[in-house]
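Heads up, the thing below is written out as structure tokens.
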Amino acid sequence: AKSSPLLPFFVVLIFWLPSGFLFPVKFEFSHETRSFQDNMSNEGNITSTKADDNNGDSSSDLPAVPALDVGTEDLDLHEELKNLAIKRTFDVKTLSPIVTKRVLFLKDIQVKHDELEEKFLQEKSALEAKYDNIYKSLFDKRYEIVNGMVEAETKKEGVPNFWLIAMKTNEMLANEITEKDEGALKYLKDIRCCRVENNSRNFKLEFLFDPNPYFKNSVLSKTYHVTDDDEDGPVLDKVFGTDIEWVPGKCLTHKVVVKKRPKKGSKKVNNIPMTKNENCESFFNFFKPPDIPEFDEFYTTMSQELQSLTDQDYDIAVTIRDKLIPHAVSWFTGEALVDEDDYDDHDETDDDNDEKDD
């Protein structure tokens, strides 16, 4: 008897995912795709990318890949493809079954990468903590010499205005320091940075002061909490600063403005001037950080001006943490400024070369 031709037929597989979604997958089978059907297990798991010798697909050159559980929440293909379809004009539904398999394998590779990256960040955090302790002993010696607690083979006591001069050498910090601020910053004896809650991204800056006629605090601090965002990287979450206890009449962040009274009432009353406290520029505004909205509302409620202030505040903190504290003596002598100029010139040269190449 003459055998009838193999007609194509359809099979719909429905996967029940942990997130509660039903994920239907429709496959068309014929004599050309029957080998693909044989490669699928009864549980719906994908076991290999190696195609059958009879299917004529170039996938036979691909290496075998370990079994991948499509039912796990981390590999929720339905949600991933749905999100991808929203962001791109490309329709993922047009993918053939064999290409869909390959996408799943690529996702498995991405998961392995993310696991390695997490391990790297943990080891990096441990390494930073190790060297923070080593640096601390050096910074303690620096503190003792700067403040005259230990003499460095000299009869002169300490290094006067060490931190003030170092800060003013850095352009970003110098722009924040007013002439009135200098009187208070002369009493600054050390700046320190420490981790917060054993998190490598969270940090606290501490400014240690000698007794002075400006404020009662012996330590002014600023704490930064940074959270990780899967798509955009680190995001500034919360910032806390010390409330400065100013000595009456010595506040550097406000100024008294004298205004004339409006010409109403008796002349005697009009001759009495009006006084008003207004905010003014000062480095000590650094300890009163801008209010950051809740994380969920960050991008929708933060104005452009507030965003700029927040970015500037964080840039100042990072400059103090990564540049000033580790290389304070170089900023004091001015060597760090020369190094920065050389670095900027090197960048400009690279940019010029890139333009010539274009």
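Taking mature numbering (1 follows the signal peptide of the UniProt record, and there is no 0), I'd label the letters of the sequence shown as residues -22 to -1, 1 to 336. Using N, Cα and C, we set each Cβ at its ideal position, and we do this for glycine too. Every value quoted in this text rests on a predicted model; they were computed, and no experiment measured them.
Asked, Found
"Going by the DSSP bridge assignment, what does I169 pair with across the sheet?", "F185"
"Report the residue from S115, K254, G219 and N177 whose alpha carbon sits nearest the alpha carbon of F261.", "G219"
"Identify, in the order they occur along the chain, each residue of the same chain with its Cβ nearer than 7 Å to the Cβ of K233, setting aside the five sequence neighbours on each side.", "E256 and C258"
"Taking DSSP as the reference, what is the three-state secondary structure of S199?", "strand"
"In three-state DSSP terms, what is K71?", "helix"
"Identify the continuous beta strand (DSSP E) that holds M127 and give its terminal residues.", "Neither: M127 is in no beta strand (DSSP E) and is coded neither H nor E."
"Please report the straight-line C-alpha distance between V197 and I87, rounded to a whole angstrom.", "49 Å"
"Measuring alpha carbon to alpha carbon, tell me which residue in K254, Q290 and K237 is nearest N263.", "Q290"
"Given this structure, state the Cα-to-Cα distance separating A45 from F83, to the nearest angstrom.", "For A45, the predicted structure reports a pLDDT of 48, less than 50, and the residue's modelled location is therefore unreliable. The matter cannot be settled from this model."
"Measuring straight from C-alpha to C-alpha, what distance separates D206 and D300?", "20 Å"
"Taking all protein chains shown into account, decide if N148 is buried (16 or more other Cβ within 10 angstroms of its Cβ) or exposed.", "buried"
"Identify the continuous alpha helix (DSSP H) that holds V307 and give its terminal residues.", "A306 to T311"
"Just to check my reading of the structure: I294 and I169 have Cβ atoms closer than 8 Å, yes? What is that Cβ distance to the nearest angstrom?", "Going by Cβ atoms, the distance from I294 to I169 rounds to 12 Å, so no, they are not a contact pair."
"With DSSP as the reference, label N255 as helix, strand or coil.", "strand"
"D269: buried (16+ other C-beta within 10 angstroms of its C-beta) or exposed?", "exposed"
"Taking DSSP as the reference, what is the three-state secondary structure of V137?", "coil"
"Need the endpoints of the alpha helix (DSSP H) that K158 sits in, please.", "E157 to L163"
"Assuming V234 is part of the beta strand (DSSP E), what are its boundary residues?", "H232 to K237"
"Name the two residues that bound the continuous alpha helix (DSSP H) containing L284.", "Q282 to T297"
"Taking its Cβ as the centre, do 16 or more other Cβ atoms sit within 10 Å of K90, making it buried, or is it exposed?", "exposed"
"Whose CA, out of C172, E223 and S286, lies closest to the CA of Y109?", "C172"
"CA-CA distance, V225 and M145?", "24 Å"
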